[in-house]
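All remarks here apply to the structure that follows.
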Amino acid sequence: MTDSLEQQKPVNIKAQLKNCRSKEETFKTLVTLSKTQPRLCAEDKTEDNKVKGCESAVWLIIVEKDGLRHFKADSDAKLMRGVLVAILSLVEGKTLADIQQMDLRAELAELNLSSYLTSSRNNGVLAILKKVKS
Amino acid sequence: MAFDPSSLRHLFPILAQSAYDHPLTYLDNAATTQKPLPVLDAIQDYYRNFNANVHRGAHFLSDRATNRFEQAREIVASFINAPEQSHVIWTKGATEAINTVAFGLEHILESGDEILITSLEHHANLVPWQQLAFRTGARLRILPLTSNGEWEPEFSHYFTDRTRIFAATQISNAIGASTPLQTMLDHAKQQGAFTLVDGAQAVAHYPVDVQTLNCDFYVFSGHKMYGPTGIGVLYGKSHALEVLMPYQTGGEMVRHVSYQATEFNVLPYRLEAGTPHIEGVIGLATACDFLNAQDRLALLAWEQSLAAHAYARLHKEGSIEIYSPEKNTTLVSLSVPNIHLLDLNTYLDSQGVAVRAGSHCAHPLMAQLGVAGTLRASFACYNTMEEANRFCDVLLDAIDLLNDE
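Respectively, the protein sequence lines represent chains A and V.
In this text, residue positions in the first sequence follow UniProt numbering: the first is 1, and each later residue adds one.
In this text, residue positions in the second sequence follow UniProt numbering: the first is 1, and each later residue adds one.
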């Protein structure tokens, strides 16, 4: 299991998103963050790894090691890759019990990502959060 | 250009707002249009001044409501040039109107009969026929576009002596292309088929004359033509409406009921079970009045000029694939290879530009085009040339931002 977040520190990711003053800045930050995420190889992009309910294709792989959860993820949409970087920065390397206690929606709202959580967008971020906690 | 959208834009105060500190640029009109003040006022006037159930109580308010309700039927009948107001059936929208026909004609179909539709159909004009075919053993046939997006020069062979129903859209919601409707309807008539036209994307833009079209059924939704949501129309010729078995039964649609039997009411009431959407009916008639008061061909020419302008600007960019026609359409439908539609849509939204990205309820058509979906900017009479340019500018910015690999 490679640590997909080796290159960036979660603190920086949070700060970058928190400092965005407009939807446009958030968009540009997500595009930048999307480039920090290593892409999944074709063998990892299986139906089993797909998160159901996303309009864009999203794959999320969870590996437990020594009681800690590690994540790899990818999407065919660039913004979704950025959102995944943000979500995983919150949960990477934690125990399942710790993750389950987190209010991820509130934490993402603090990062100016509320509009990515509305069900009308049908983009499946809620489905990703559910899988992260399952 | 003879038409100036500022002559009526003030009737749509919703458009004057900002979205995320940018001027709201509403280009999702093929999904639903905004509603002019007279429509909003008519709905409020109904509830403030003459709300009552129609066709029932003999009292002051009920008489007023019933009069306005039936007057609305006259206005809508005249809007599409239906010969009689009893040919206008109120429905929830185009979808319910098509379902009313698909269920109502079930009893005329036999195994091996054919239902013919085109490859441009919205799911609303596809799934009801497919399910009808499943229930009856009839065969659903598709009159396709060729791979370069043209109709086959000779498509008459799709119409056979087994064709019992032919249903076609007037204009594609997904790519804005028109069907050669009159020719198709003539072929269908020669085979004695029932014909249905889905006018959902046409009524806001084109003057409609159901007698010239000579179709058996014509359906549309109010909310795509400046009227309220939840109201639509099923127009039918008398003999065609008479053939339909009511697919909903209950109050209003009956003349006499006993425990043993029910005698159905006459048209149009026979096909309108339950208390109708009175405010919707009144709002829709007001939307017809609004359109009737305009120079409709000037509006159409304006809307087409906006779409043609956007087409011309975006066509120059090698990176954009456009699926809508170059001219004579009121929308632009496109995709950008290697950039996800949702990414484009999200950037446009961040700049206050409202468009639609997705499959537009037309999965088989998207499959034929070889795309998962398209980005669609659809224009209405209140849109300005600045808005058409803003859409192009912001889209090109989005492509620059996202196209770095």
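Idealized CB from N, CA, C, for every residue including glycine.
I89 (chain V) is not a Cβ neighbour of A285 (chain V), given a cutoff of 8 Å.
Looking only at V:A133, V:G176, V:N81 and V:A19, the smallest Cα-Cα distance to F103 (chain V) is reached by V:A133.
The continuous stretches of beta strand (DSSP E) do not include L11 (chain V), and DSSP gives it neither H nor E.
Separation of R270 (chain V) and P246 (chain V) (C-alpha to C-alpha, rounded to the nearest whole angstrom) is 7 Å.
With a threshold of 8 Å between beta carbons, T169 (chain V) makes no contact with chain A.
Counting every other CB atom within 10 Å of its CB across the protein chains shown gives R68 (chain V) a total of 16 or more, marking it as buried. At a C-beta separation below 7 Å, Y26 (chain V) has no neighbours in chain A, since its nearest C-beta there lies roughly 16 Å away. If you ignore the 5 residues before and after A2 (chain V), its C-beta comes within less than 6 Å of the C-beta of A298, all in its own chain and listed in chain order.
Residues of the region 96-117 of chain A with a Cβ closer than 7 Å to any Cβ of chain V: none.
Here the region 275-285 of chain V lies against the region 224-234 of chain V, with 3 or more beta-carbon pairs under 8 Å apart.
Per DSSP, A86 (chain A) lies in no beta strand (DSSP E); the unbroken alpha helix (DSSP H) holding it starts and ends at K78 to V91. Annotation for A357 (chain V): the continuous beta strand (DSSP E) segment containing it runs R356 to G358. Shown here for T262 (chain V): same chain residues with a beta carbon closer than 8 Å to its own, the five before and five after excluded, namely T249, V254 and H256 in chain order.
Shortest Cα-Cα distance from N125 (chain V) to any of V:T195, V:P38, V:G222 and V:Y382 involves V:T195. Between the alpha carbons of D198 (chain V) and T183 (chain V) lies a gap of roughly 16 Å. With a 10 Å radius around the Cβ and a threshold of 16 neighbouring Cβ atoms, T275 (chain V) comes out exposed.
By the criterion of at least three beta-carbon pairs nearer than 8 Å, the region 332-342 of chain V is in contact with the region 373-383 of chain V.
With its beta carbon less than 8 Å from one in chain A, Q351 (chain V) belongs to the interface. R356 (chain V) and K237 (chain V) have their C-alpha atoms some 35 Å from each other. The beta-carbon of Y347 (chain V) is placed less than 8 Å from the nearest beta-carbon of chain A.
Distance check between S111 (chain V) and each of V:A138, V:S221, V:E321 and V:L342 places V:A138 closest, using alpha-carbon atoms only. If you check the CB distance, S56 (chain A) and A77 (chain A) come in under 8 Å.
At a cut-off of 8 Å between beta carbons, V31 (chain A) contacts chain V.
Fewer than three Cβ pairs drawn from the region 152-162 of chain V and the region 291-310 of chain V lie within less than 8 Å of each other, which leaves the two stretches out of contact. With fewer than 16 other Cβ atoms inside 10 Å of its own Cβ, G318 (chain V) counts as exposed.
C-alpha of M80 (chain A) to C-alpha of H70 (chain A): approximately 19 Å in a straight line. In this structure, the alpha-carbon of L84 (chain A) lies about 7 Å from that of A73 (chain A).
Annotation for N328 (chain V): S178 and Q304 place their beta carbon closer than 8 Å to its own, counting only its chain and skipping 5 residues before and after. In the DSSP assignment, L334 (chain V) falls within the unbroken beta strand (DSSP E) covering L331 to S335. The three-state reading of DSSP puts D404 (chain V) in coil, since its state is none of H, G, I, E or B. DSSP links T163 (chain V) through a beta bridge to V:E114. Scanning chain A for C-beta atoms nearer than 7 Å to the C-beta of Y20 (chain V) yields S22 and K23, reported in chain order.
In the DSSP assignment, L375 (chain V) falls outside any alpha helix (DSSP H) and lies within the beta strand (DSSP E) extending over T374 to S378. D186 (chain V) does not reach chain A, its nearest Cβ partner there being about 41 Å away, counting only Cβ pairs nearer than 8 Å. Straight-line measurement puts the Cα of V39 (chain V) at about 19 Å from the Cα of A52 (chain V).
For Y247 (chain V), the three-state secondary structure derived from DSSP is coil.
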